[in-house]
Structure formats: C-alpha cells, structure tokens
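Q: Protein sequence lines correspond, in order, to chains C and H. Each residue of the first sequence is one higher than the one before, counting from 13 in the numbering used here. Each residue of the second sequence is one higher than the one before, counting from 8 in the numbering used here. A virtual CB, placed ideally from N, CA and C, is assigned to each residue, including glycine.
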Amino acid sequence: MSKLQKAAIKRRDIREAVEQSLRARKRRSWRFRLVGLVAVLTGLLLLAIMFTSIASKGYSAFERTEVLLDIDLEEAVIDPEKTRSEEVLMRADYTGLIKTSLRKLFPQVKKRKQKRALYRLVSTGAGDQLRDRVLQDPSIIGSRVSVWLIADDDLDQYYKHGDSQSRLKDYQLQWVAQLNADQRLRTAFNSTFFTAGDSREPELAGIRGALTGSFFVILITLGLSLPLGVSAAIYLEEFAPRNRWTDLIEVNINNLAAVPSIVFGLLGLAVFINFMGLPRSAPLVGGLVLTLMTLPTIIIASRAALKSVPPSIREAALGMGASKTQMVFQHVLPLAMPGMLTGTIIGMAQALGETAPLLMIGMVAFIADVPTGPLDSATVLPVQIYLWADSPERAFMERTSAAILVLLAFLVLMNLLAIWLRRKFERRW
Amino acid sequence: MTEATIPDASERDEQTVGKPQLEKKVSMSCRNVDVFYGEKQAIFDVSLDIGKHEVLAMIGPSGCGKSTFLRCLNRMNDTIDICRVLGSLRLDDEDIYDPKMDVELLRARVGMVFQKPNPFPKSIYENVAYGARIHGLTRDKTELDEIVENSLARAGLWEEVKDRLDDVGTGLSGGQQQRLCIARAIAINPEVILMDEPCSALDPIATATVEELIDELRQRYTIVIVTHSMQQAARVSQRTAYFHMGKLIEVDKTDRIFTNPGHELTEAYITGRFG
Numbered sequence: 013m014s015k016l017q018k019a020a021i022k023r024r025d026i027r028e029a030v031e032q033s034l035r036a037r038k039r040r041s042w043r044f045r046l047v048g049l050v051a052v053l054t055g056l057l058l059l060a061i062m063f064t065s066i067a068s069k070g071y072s073a074f075e076r077t078e079v080l081l082d083i084d085l086e087e088a089v090i091d092p093e094k095t096r097s098e099e100v101l102m103r104a105d106y107t108g109l110i111k112t113s114l115r116k117l118f119p120q121v122k123k124r125k126q127k128r129a130l131y132r133l134v135s136t137g138a139g140d141q142l143r144d145r146v147l148q149d150p151s152i153i154g155s156r157v158s159v160w161l162i163a164d165d166d167l168d169q170y171y172k173h174g175d176s177q178s179r180l181k182d183y184q185l186q187w188v189a190q191l192n193a194d195q196r197l198r199t200a201f202n203s204t205f206f207t208a209g210d211s212r213e214p215e216l217a218g219i220r221g222a223l224t225g226s227f228f229v230i231l232i233t234l235g236l237s238l239p240l241g242v243s244a245a246i247y248l249e250e251f252a253p254r255n256r257w258t259d260l261i262e263v264n265i266n267n268l269a270a271v272p273s274i275v276f277g278l279l280g281l282a283v284f285i286n287f288m289g290l291p292r293s294a295p296l297v298g299g300l301v302l303t304l305m306t307l308p309t310i311i312i313a314s315r316a317a318l319k320s321v322p323p324s325i326r327e328a329a330l331g332m333g334a335s336k337t338q339m340v341f342q343h344v345l346p347l348a349m350p351g352m353l354t355g356t357i358i359g360m361a362q363a364l365g366e367t368a369p370l371l372m373i374g375m376v377a378f379i380a381d382v383p384t385g386p387l388d389s390a391t392v393l394p395v396q397i398y399l400w401a402d403s404p405e406r407a408f409m410e411r412t413s414a415a416i417l418v419l420l421a422f423l424v425l426m427n428l429l430a431i432w433l434r435r436k437f438e439r440r441w
Numbered sequence: 008m009t010e011a012t013i014p015d016a017s018e019r020d021e022q023t024v025g026k027p028q029l030e031k032k033v034s035m036s037c038r039n040v041d042v043f044y045g046e047k048q049a050i051f052d053v054s055l056d057i058g059k060h061e062v063l064a065m066i067g068p069s070g071c072g073k074s075t076f077l078r079c080l081n082r083m084n085d086t087i088d089i090c091r092v093l094g095s096l097r098l099d100d101e102d103i104y105d106p107k108m109d110v111e112l113l114r115a116r117v118g119m120v121f122q123k124p125n126p127f128p129k130s131i132y133e134n135v136a137y138g139a140r141i142h143g144l145t146r147d148k149t150e151l152d153e154i155v156e157n158s159l160a161r162a163g164l165w166e167e168v169k170d171r172l173d174d175v176g177t178g179l180s181g182g183q184q185q186r187l188c189i190a191r192a193i194a195i196n197p198e199v200i201l202m203d204e205p206c207s208a209l210d211p212i213a214t215a216t217v218e219e220l221i222d223e224l225r226q227r228y229t230i231v232i233v234t235h236s237m238q239q240a241a242r243v244s245q246r247t248a249y250f251h252m253g254k255l256i257e258v259d260k261t262d263r264i265f266t267n268p269g270h271e272l273t274e275a276y277i278t279g280r281f282g
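1) Report yes if the CB atom of H/Ala64 is closer than 8 Å to the CB atom of H/Ile193, and no otherwise.
2) Can you give me, in chain order, the residues of the stretch 77 to 107 of chain H that have a beta carbon less than 9 Å from any beta carbon in chain C?
3) Counting beta carbon pairs with one atom in the stretch 34 to 50 of chain H and one in the stretch 204 to 223 of chain H, are three or more of them shorter than 8 Å?
4) Following the continuous beta strand (DSSP E) through H/Lys260, name the residue where it begins and the one where it ends.
5) Flag this pair as yes or no: are the beta carbons of C/Glu438 and C/Pro394 separated by less than 8 Å?
6) Whose CA, out of C/Ser413, C/Lys123, C/Leu370, lies closest to the CA of C/Ile66?
7) Within 8 Å (strictly less), CB to CB, does H/Gly181 reach chain C?
8) Starting from the beta carbon of C/Ser317, find every residue of chain H whose beta carbon is closer than 8 Å, and list them in chain order.
9) When the Cα atoms are used, what is the spatial distance from H/Pro27 to C/Tyr247?
10) I'd like to know whether the C-beta atoms of H/Val42 and H/Cys71 end up nearer to each other than 8 Å.
11) Quick check on C/Asn202: buried or exposed, where buried means 16 or more other Cβ atoms within 10 Å of its Cβ?
12) Can you check which of these residues, C/Thr356, C/Met360, C/Ile261, C/Val321, is closest to C/Met339 by C-alpha distance?
13) Looking at chain C, is there any beta carbon in it that lies within less than 8 Å of the beta carbon of H/Pro205?
14) Could you spell out the range, first to last residue, of the alpha helix (DSSP H) harbouring C/Leu318?
15) Of all the CB atoms in chain H, is at least one closer than 8 Å to the CB of C/Arg254?
16) Could you name the residues of the stretch 221 to 248 of chain H whose beta carbon sits closer than 9 Å to any beta carbon of chain C, in the order they occur along the chain?
17) Could you tell me how far apart the beta carbons of H/His251 and H/Gly67 are, in whole angstroms, since I believe they sit closer than 8 Å?
18) With DSSP collapsed to three states, give me the class of H/Gln122.
19) What does the Cβ neighbour count give for C/Pro272, buried or exposed, with the cut at 16 atoms within 10 Å?
20) Could you tell me which residues DSSP puts in a beta bridge with H/Gly25?
21) Using a C-beta to C-beta distance shorter than 8 Å, which residues of chain C count as neighbours of H/Phe121?
22) Name the two residues that bound the continuous alpha helix (DSSP H) containing H/Arg225.
23) What does the alpha-carbon distance come out to for the pair H/Asn81 and H/Ser207?
24) Smallest Cα separation from C/Ala363: which of C/Tyr131, C/Ile274, C/Ala73, C/Glu405?
25) If we ignore side chains and look at the alpha-carbon of each, how far apart do C/Val344 and H/Ala49 end up?
26) Straight-line CA distance for C/Arg406 to C/Arg256?
27) On the three-state DSSP scale, how would you describe H/Asn157?
28) Would C/Ala313 and C/Thr354 qualify as a contact pair, given that the criterion is a beta-carbon distance under 8 Å?
29) Just mark C/Tyr183 as buried or exposed, buried being the case when its beta carbon has 16 or more other beta carbons within 10 Å.
30) Note down, in chain order, each residue of its chain lying with its Cβ closer than 7 Å to the Cβ of C/Gly70, except the 5 sequence neighbours on either side.
31) In chain order, what residues of the same chain have a beta carbon less than 6 Å from the beta carbon of C/Thr391, not counting five sequence neighbours either side?
32) Report yes or no: do the stretch 86 to 93 of chain C and the stretch 160 to 177 of chain C share at least 3 C-beta pairs separated by less than 8 Å?
33) If we cut at 8 Å on Cβ distances, does C/Ala414 have a partner in chain H?
34) Below 7 Å on C-beta distance, what does H/Ala115 contact in chain C?
35) Using the beta-carbon count (16 or more within 10 Å), is H/Asp102 buried or exposed?
36) The stretch 341 to 357 of chain C: which residues have C-beta closer than 9 Å to a C-beta of chain H, in chain order?
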C-alpha cells in the first residue's frame, strides 16, 4: 500500500469519525432547542390560562344590571315649600319615592317582610342616582319619569349569571321574572366601577379611590427614588473610592434588594408613623416605604447600566481634558440612560403591585372617599384587590378580577413605556 | 520555527544606548521614570527627551511598557487606582506630576488618539467642537464653525464629511473615525499628540492615509506614536525608541535604528528574531 493510499484511508476515517460525532452534536443541539421551546410554550400556556381565568371572571364587572322604574316625583315629598333650594333638594327622601314606585308595580305585596325584600331589589345607591337626576334638572319635579336605576348586587348576579347560588328568595325570583317580562331589566356599562370609591355594597363599589391612591403613591415613589437612586448609583460607580466602606455599602445594597417587602412596612410603621408622626394610611407614607423598597433595585440597575458604558468613551472624554464630572454627565450618563430608565420603570411596576408593606402602615383600611391629596387616607389597587378578595359577596369576586385586570393593564402599559424609552434613547457606539 | 523567546533584560543594569537626551528644542523631558502597578514594576528608570515637531516612534514587543509610558505623558494612568509614577516628567519645564498641575489643562495641551477609534456617539460636528466647548475656547458660533472646519480639513476629512456634519460620528468607516478622533484632538491645538497604535484597527489604505496625515501634522505638533509595525515606525518617525521589558534599550534617529542598531536586543527585534 502506497503512502498516498494510506493517507487517503486515514482521511476517510477522519471524515467518518467527524460525521458520526456531528450527528450526535446535531441531535444534542436539536434536543436542547426542543427543551427551550417547550419551556417557552409552557410559560405562555400558563400565562394564557391565568389571563383567560381572570378575564372570564372579571369582564362581567364592567357591566351592571339596571331596573326601569316609573317614579312620580311628587312635589309634596321632594320640596313641599317650593323653595327649589339645593339644600332641600339634597335632603329629600328619594328612596321613599322609589319604594312607592315599587309598591305600585307590585300591588300584590302586602307583608312588611316581603315589602322589605322587594325594596332590596334596587340598590341603596339608587336614591342618590335619582337625586343627581333631580339636581341636574329641577324642572322635572312634579312629573312622572322613567329611570334606569342600579339593581342590587343579588339581582345583578342573578340576571348576569343565572340562578345557581343566587341569594334571591323564590318570591323575589317571581318579581324578577315579572320585571324581566315587562322589559324592565337591562345591562349597561358599569361606570360606577371607575368613578366611585370603595363601598360595602358591591354594586356601588369602584376603583377610583384605589387608583388615585396608587397614583399618589407611585408619584411620590418615583419622585424620590429616581433622583436618589440614580445619584447614589453615579456616586458609587464613578466617584466613590474603592475601599472597605464602599464594599460594605455595596454588600448592603445587594442584601436590601432581597429583604422581604413587609420588613420595609414595619420600618415605615416604626420610623415614619410612630417616630416622625406622619398620618396613618396616607399615600405619603406609602410612597416613602415603597421608595425604600425600590431604591436597591434602581441603584443596582443603574450601576449595571453605568458599568456597561464602554471604557473607550470614558478615555476619549478624559483624553480631551474633560473633568470627571463632565465625562460622567456628558458621555456616560446619556449612554446609561436607557438602562437606568428600564430599571426605574421595573422598580415602579414592582411598587405598583406591592401590598405587604402597605398593610403595615394602615393603607388596608376601608376608605370610601376618593383621596384628594397625599395626606388623605387612601388605599391602593393591590390592597383593594386584597380587600375585595376577602369579601363574602359573590359580586365582589368579579370586581376583584376586574380590578386585577386594571392593575395588569397598567403594568403592561408601564412595561411598554420602558421598552419605548429604551428604543428612543438607545444609541449605538 | 520554534517559538521566539524574549531575552531577559531585567537583570542588566545598563544605560540606554543612543541619544535619549536632546540639547535643544525639547518639548517633553522625562528623567528616571519608574511606573508601578501595585507591587509590579512596569517601567524601569526611563530617561527620554521628546523634541519639538518631531515624530517619535516607540516600538517593542507586547507588554514592554511602551503604552504605559505613553499614558504617563498626559497622566491617563491616573484613572488606574493602583498605578504609581515616580521620577520627573516635564512639559516645557513644568512638572506634569506636580500636585498643582491641572490634569484637564495638561490633557488639553497633550492630546491623545487611541488604538480603537472612539468617537463620541454624537454628530461629527459635536465630536470636533467638544474640546473647544468644554475648555471654553469660544462662545461664538461662527468661530466654532471655523474651528470645526479647520480641524477636519487638517485631518483630511473635511471633503468627505462636509455635507453630513450632523451625522453620527460612529457611523463613519474605521479609517474616517480615526481621522475624526485626530481632528477632535487637534481642534484644541495641543502641543503634543500621543498616538497609541492608531492604525492597528485600520486596513492598509486607511493606514496609509493616516500615516500621511501624521507626517503633515508634524509641522505643527509634536507627535509620540506607539506602533507594532516597524515599517510604520520607519515611514513616519524621525526618532525611534526601543522598549524592552519596561526598559528603554535604545533611542536614536530612525534610519540609524533600522540600519545600524547599537544594541543587540534592538537588532534582534527589528530583524524579527522575536516580538
């Protein structure tokens, strides 16, 4: 066998060996890709299940049942002295008028207990609804008007979801059937859910108070944690000397990021409320507590963003005779901005969804009024969800899911904002 | 070929061969410079003069300390915490490492061009105007325009970019970026320009352009260039310094170094026996 032949055989052997190992390598990479795909699909599936479950339970809260009643706006009841002053119109007994109307509609109901059951078909808030109508246009006093009034939550649930688990009695169901036959029931957009604060009556409860509270809390958190976090990150990353103290600070910041959030709540309770005497349940204190909580997140993200700015840019600026401050603010900061903003918005999203520390500082109280400032008592969206999830009424269940939908919508919006900002400020180098 | 081993010179305690010191027209003079990174000594007792309007090339194998020495000349080593510089370095008879010396002023007088082109991610105009802006050379817009145009013209870039001064500097080709960096450096009229392997990331054509440019710039500036290419050193420089393991082995006129080196290590390096 010549040398050339031997070499040819050797080459063929190598080729076979490589082909064999290549097959194995390809199989391995294919398997790995499959595992990755399965993982992603599982995640998407779980997310889809969660979303459909919440959405299917929650969408019905955006609609409410209304009852059509013909009401005699008797002048003798509303404004016997014909003053038409706002004060008199405010105080008039509109609930009585509604009850009279209901009695006329169902003359067969005689017993007191049954009458009360009849009145309960209409929400206790219907009187206010009627009053607003009259205040808007006092000239309708004395006439007979047809008004769609908010139904009670039991009727609402029965009308929307059928009779399973309904709390309505049999005789109430007969009246409902009669109302339905007369086409006196309809579903309409539930504006109360977005315009009202919390209430004991599910049909009158809304998320406006919680949304406003969340807005104030986030505003304070952002206003404090962004400048503090970014300045701390810049100082630690660019200016601080590397010694035992800065190492200690760094370790502590990293540890703080992992501290359970409720601990920050306890700290807030001890320092801001007990020691400094700030009001309880106030968005101001909530914002301060959440600032403490989000600071480590923002500092860590901002430092990572600063670190990722290439050293060549720093050298270029320094080589031109820029001072360190000029280098940081004119070159490093603009390039680190997208990363910092992303970190901040992620921190804000975390703060928006936070419940535990706010429980500790009393933001878990039942507050019906919409807060007008950061010192008013308030609650926030996730705490509102927690409160409603605890309520026994079935109607609160769908409101819980609806509030979760609103919270998720805001979180998605914030993340989109983060992506948009990053795209906008991202520069190539 | 067997792997080249770098001869050990650290034990020898001998004087630099050639003419490290000049009698007249001295721009920078360095005496007995030692540089330490922590405990490790990187530069051993280097004494060297840099003449006005000359191009001084620094050559030597990787890790010989030539870049470290270059970065001492405008105190860029200050950014490294553990770096210590001993000895005397003077620019026009002012001590560079005097605590009263402003680093910002020093770096305005001793500009630098880096190995990898590093324009700011800003417009071409802003890149060149940057130095004038931060040093407050002018507040007048037309004057600034003039500075930008002149600097770009002297860097041989004006014709190529005059219609797109607002484009991002990082969008230019590698060679154009490096010339932009040179334009940025000369916009504040430094006395000395330090170049740290300015052509190592460029293709041969761009390299030739930059080399021509360096030759023209010699009329106005003193240039110290670190290079790995001996051909480049031969083409652009008047004097060449050979560094070896932190020591300055030989300095002399470039043609002398390349035709008749005075030290065996220099000869071994330029004939390609190691490095």
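A: Checking against the coordinates, here is how it stands:
1) no
2) Asn81, Met83, Asp85, Thr86, Asp88
3) no
4) 254 to 260
5) no
6) C/Ser413
7) no
8) The displayed chain sequence assigns Ala, not Ser, to residue 317 of chain C. Going along chain H, no residue has its Cβ under 8 Å from C/Ala317, so there is no contact; the nearest lies around 15 Å.
9) 44 Å
10) no
11) buried
12) C/Val321
13) no
14) 295 to 319
15) yes
16) none
17) 6 Å
18) coil
19) exposed
20) H/Val258
21) Ser324, Glu327, Ala328, Gly331
22) Careful: H/Arg225 lies outside any alpha helix (DSSP H) and carries neither H nor E.
23) 21 Å
24) C/Ile274
25) 30 Å
26) 58 Å
27) helix
28) yes
29) exposed
30) Glu410, Ser413, Ala414, Ile416, Leu417
31) Ala222, Gly225, Met375, Ile379
32) no
33) no
34) Gly333
35) exposed
36) Gln342, His343, Pro346, Leu347
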